[in-house]
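Novice: Supplied in structure tokens, the structure appears directly below.
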Amino acid sequence: MWGKSWFLKGAVALACLCLSGAALGQGYRPGMHFKYLETDRAGYFLLDPVAITSQPIKRLRWASDGLRLLIETAPPVSAQKVLPTAPRWSLLEDDKPETASLQIWDSVSGRLSTPWKPSPDLPNLETGEFLSNVDVVTATVEFGTELEPQKMPVMFNLKTGQVRRIFPEGQRYVFADALVSDKLPLSVWVVSKAEEPGFRTEAYLVDANGAILRTVSTQLGSREILLEFVGEEIYGVRFGETVDGKRPPPQYFAIDARSGRERALIERPRFRDEREPPAARPELELTDMDSAPGPTGPLVLTSPNLRGGEPLIVSMDASYGELSSDLKTVVYISDGVLLARPIIRVEGEALRAMFDEVERLDAIQRAKHVLMAMLSYSADNEDRVPEPAGWKTSLLPYLKNEAVMAGFEFTYQGPREWNKIEEPSKTEVGYIRVRLGRAVAYADGSVRFIPDEKKPG
3 MWGKSWFLKG AVALACLCLS GAALGQGYRP GMHFKYLETD RAGYFLLDPV AITSQPIKRL
63 RWASDGLRLL IETAPPVSAQ KVLPTAPRWS LLEDDKPETA SLQIWDSVSG RLSTPWKPSP
123 DLPNLETGEF LSNVDVVTAT VEFGTELEPQ KMPVMFNLKT GQVRRIFPEG QRYVFADALV
183 SDKLPLSVWV VSKAEEPGFR TEAYLVDANG AILRTVSTQL GSREILLEFV GEEIYGVRFG
243 ETVDGKRPPP QYFAIDARSG RERALIERPR FRDEREPPAA RPELELTDMD SAPGPTGPLV
303 LTSPNLRGGE PLIVSMDASY GELSSDLKTV VYISDGVLLA RPIIRVEGEA LRAMFDEVER
363 LDAIQRAKHV LMAMLSYSAD NEDRVPEPAG WKTSLLPYLK NEAVMAGFEF TYQGPREWNK
423 IEEPSKTEVG YIRVRLGRAV AYADGSVRFI PDEKKPG
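Note that my numbering has the sequence shown beginning at 3, numbered continuously upward.
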């Protein structure tokens with residue numbers, strides 16, 4: 003499973019950064035050699051990007067579980083052989099332009115599949131949406147001419163590859179809209195059908211198999227219906243036809259999506275974006291780093307509860323970005339390529355333990371570097387130990403980075419020559435202190451971590 007492999011790769015990458023003495027960077031504190039973002043709840047780390055596709059992107063949609071990404075791709079403009087003044091093509095035309103394809107990217111397996119491509123039967127995909135958390139995508143396929151456009155609601159089963167039309171062929175649809183529940187594997191399709199002398203709007207409750215369960219809001223004379231899923235109910239408003247210049251008052255209603263029972267509402271219902279209290283801000287957010295105009299710019303991952311580290315740079319030249327609902331993946335477009343970067347989340351106590359372990363390993367590693375520099379200095383100076391007053395200056399030629407000596411306490415009090423030390427394995431040269439103890443360097447060339455004694459209680 004890719005999700006597990008991403009986590010393992012992340013752990014290995016963090017360990018390698020800690021042990022390699024990488025350059026100090028964003029989010030650095032003593033012992034920290036990697037970039038991180040810390041909130042009140044957890045710590046977050048970005049892994050290296052993975053390419054998904056280089057096809058031009060028309061639209062992106064994350065599934066509500068955050069594990070799959072719905073990608074609508076469009077061919078380059080040069081491939082669409084359509085004159086600007088030409089009407090939209092119809093099923094009877096031979097020379098049709100290439101149109102968008104539907105692709106699914108699975109963040110767990112890393113696989114990119116194409117459940118639908120344009121065909122003479124269903125040529126132009128207009129929009130797509132995951133149906134709850136089941137392996138079904140609802141979509142509207144558009145065909146016909148610019149003067150007489152038609153739309154066909156369809157459903158794609160991602161497991162079987164089956165494409166199912168929801169309504170019979172031969173009916174003329176001038177509008178179709180799919181409302182998808184985030185709690186149930188159900189959708190509502192609002193359809194305006196051409197009838198004499200005008201149009202009639204109807205809505206149908208459809209299950210995950212594409213079967214029409216019931217008509218949920220048919221009412222003769224309805225000119226328009228507004229619907230929205232709110233939990234397991236469907237809130238709606240009906241608007242009647244205007245007669246003799248007078249329009250009847252709107253009718254408000256709610257429908258139980260499971261049973262299909264409808265109840266009247268006295269007042270206008272509050273739709274999703276009007277309900278209170280407002281939804282809490284997510285733990286992570288994608289933000290443009292600057293507001294300078296231009297097609298691309300820096301994209302950063304930050305948090306309203308930022309406590310440690312700094313916002314993480316996702317890309318310096320992103321033209322678009324989307325964060326998955328489970329906050330485990332960020333996708334973005336850079337230089338025409340759709341990329342994904344996995345996000346590793348480490349809980350509070352585990353994060354503290356990880357920092358402590360990183361500090362411990364870092365202190366041991368740096369104490370070894372200092373000790374090896376001392377031994378190299380002694381080898382070049384008749385086996386003499388550096389003088390306490392100027393030991394840092396003496397060791398600089400033997401260290402690539404002066405920061406390695408940060409926090410090292412030089413405590414050696416033995417003979418001035420190494421070969422006169424009687425018990426090198428017990429003779430302390432110096433140490434680096436961290437939160438849980440000391441990394442102690444000894445005259446025999448070893449470094450041992452000595453934890454602090456825990457106080458009773």
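For each residue, glycine too, the CB sits at the ideal point set by N, CA and C.
Assuming V449 contacts A443 (C-beta within less than 8 angstroms), just tell me the rounded distance between them.
Specialist: The pair is a contact, with the Cβ atoms about 5 angstroms apart (cut-off 8 angstroms).
Novice: K60 lies in the beta strand (DSSP E); which residues open and close that run?
Specialist: Unbroken beta strand (DSSP E) run through K60: I59 to W64.
Novice: By the 10 Å Cβ neighbour count, where 16 or more other Cβ atoms means buried, how is S115 classified, buried or exposed?
Specialist: Classification of S115: exposed, given that the 10 Å Cβ count is below 16.
Novice: If you reduce the DSSP assignment to three classes, tell me which class D358 lands in.
Specialist: In this structure, D358 counts as helix in the three-state DSSP scheme.
Novice: Can you list, in chain order, the residues of its chain with a C-beta nearer than 6 angstroms to that of G416? Leave out the 5 residues immediately preceding and following it.
Specialist: Result list for G416: I423 and T429, in chain order.
Novice: When the Cα atoms are used, what is the spatial distance from G299 to R113?
Specialist: About 28 angstroms.
Novice: Considering only residues of the same chain and omitting the five flanking positions on each side of A365, which have a CB-CB separation below 6 angstroms?
Specialist: So the list reads I434, V436 and A441, once near-sequence residues are dropped.
Novice: Quick check on the DSSP output: the alpha helix (DSSP H) that includes L397 runs from which residue to which?
Specialist: Start and end: W393 to L397.
Novice: Give the range of the beta strand (DSSP E) segment to which G505 is assigned.
Specialist: With the chain covering only 3 through 459, there is no way to say anything about residue 505.
Novice: Applying the criterion that 16 or more other CB atoms from any shown protein chain within 10 Å of the CB defines a buried residue, is M318 buried or exposed?
Specialist: Exposed, since its Cβ has fewer than 16 Cβ neighbours within 10 Å.
Novice: Thinking C-beta only, is V182 closer than 8 angstroms to T140?
Specialist: Cβ distance < 8 angstroms, so T140 and V182 count as in contact.
Novice: Out of K161, E230 and V136, which has the shortest C-alpha to C-alpha gap to D209?
Specialist: If we check each option's Cα against that of D209, V136 comes out closest.
Novice: Is DSSP giving A408 helix, strand or coil here?
Specialist: DSSP places A408 in coil when its eight states are reduced to three.
Novice: Nearest by alpha-carbon distance to G432: which of Y414, D446 and S378 is it?
Specialist: Among Y414, D446 and S378, the Cα nearest to that of G432 is on Y414.
Novice: Specify the secondary structure class of A445 as computed by DSSP and reduced to three states.
Specialist: A445: coil per DSSP, three-state reduction.
Novice: So, are the CB atoms of R347 and L49 less than 8 angstroms apart?
Specialist: Result no, Cβ atoms of R347 and L49 do not sit closer than 8 angstroms.
Novice: How would you label P306, buried or exposed, when you count the other beta carbons within 10 angstroms and need 16 or more for buried?
Specialist: With fewer than 16 other Cβ atoms within 10 Å, it is exposed.
Novice: Under the rule that 16 or more other beta-carbon atoms within 10 Å means buried, what is P453, buried or exposed?
Specialist: Exposed: under 16 other Cβ atoms inside 10 Å.
Novice: So, is R368 buried or exposed, given that buried needs 16 or more other C-beta atoms within 10 angstroms?
Specialist: Classification of R368: buried, given that the 10 Å Cβ count is 16 or more.
Novice: With L398 and M376 assumed to form a contact (beta carbons below 8 angstroms), what rounded beta-carbon distance in angstroms separates them?
Specialist: Contact flag wrong, Cβ pair sits at about 12 angstroms.
Novice: Just to confirm my understanding: we take R166, look at its own chain, exclude 5 residues before and 5 after, and list those with CB closer than 6 angstroms. What are they?
Specialist: The residues are M157 and G212.
Novice: Compare the Cα-Cα distances from Y254 to each of D246, R272, K248 and G247 and report the closest residue.
Specialist: The option with the nearest alpha carbon to Y254 is R272.
Novice: How is the beta strand (DSSP E) around Q164 delimited, first residue to last?
Specialist: Run containing Q164: none; DSSP gives neither H nor E here.
Novice: G447 CB to nearest chain B CB: under 8 angstroms?
Specialist: Judged by its chain identifiers, the structure shown contains no chain B, having just a single protein chain.
Novice: With A256 as the anchor, note down where its beta strand (DSSP E) starts and where it stops.
Specialist: Note, A256: beta strand (DSSP E), Q253 to D258.
Novice: Near A445, what residues of its chain come up, given a Cβ to Cβ distance below 6 angstroms and the 5 sequence neighbours on each side ignored?
Specialist: Same-chain partners within the cutoff: I423, P426, T429 and V431.
Novice: Given a cut-off of 8 angstroms on the beta-carbon distance, is the pair Y334 and L303 in contact?
Specialist: No.
Novice: Only counting runs of 3 or more residues, tell me where the beta strand (DSSP E) segments fall wholly within the region 289-343, in order along the chain.
Specialist: Those beta strand (DSSP E) runs which fall completely within the region 289-343 and span 3+ residues are 299-304, 314-325 and 331-336.
Novice: Per DSSP, A231 is paired with what?
Specialist: The displayed chain sequence assigns Phe, not Ala, to residue 231. Looking at the DSSP assignment, F231 forms a beta bridge with I236.
Novice: Sorted by chain position, which residues of the same chain lie with C-beta nearer than 6 angstroms to D184's C-beta, five sequence neighbours on each side aside?
Specialist: If we look at D184 and ignore the five residues flanking it on each side, its Cβ neighbours are S66.
Novice: Ignore the nearest five residues each way along the sequence and tell me which others in G439's own chain have a CB closer than 8 angstroms to its CB.
Specialist: Same-chain partners within the cutoff: R362, F451, I452, P453 and D454.
Novice: Give the straight-line distance between the Cα atoms of P251 and R260, rounded to the nearest whole angstrom.
Specialist: Using only the alpha carbons, I get a separation of about 28 angstroms.
Novice: Do you know how far the Cα of Q164 is from the Cα of I106?
Specialist: Each residue's alpha carbon lies about 15 angstroms from the other.
Novice: Look up A365 in the DSSP assignment and give the residues it is bridged to.
Specialist: A365 pairs with nothing; no bridge assigned.
Novice: Excluding the 5 residues flanking R216 on each side, which residues of the same chain have their C-beta closer than 7 angstroms to its C-beta?
Specialist: Result list for R216: L207 and G262, in chain order.
Novice: Assign G130 to buried or exposed, taking buried as 16 or more other Cβ atoms, counted over all protein chains shown, within 10 Å of its Cβ.
Specialist: Its Cβ being crowded by 16 or more others within 10 Å, G130 is buried.
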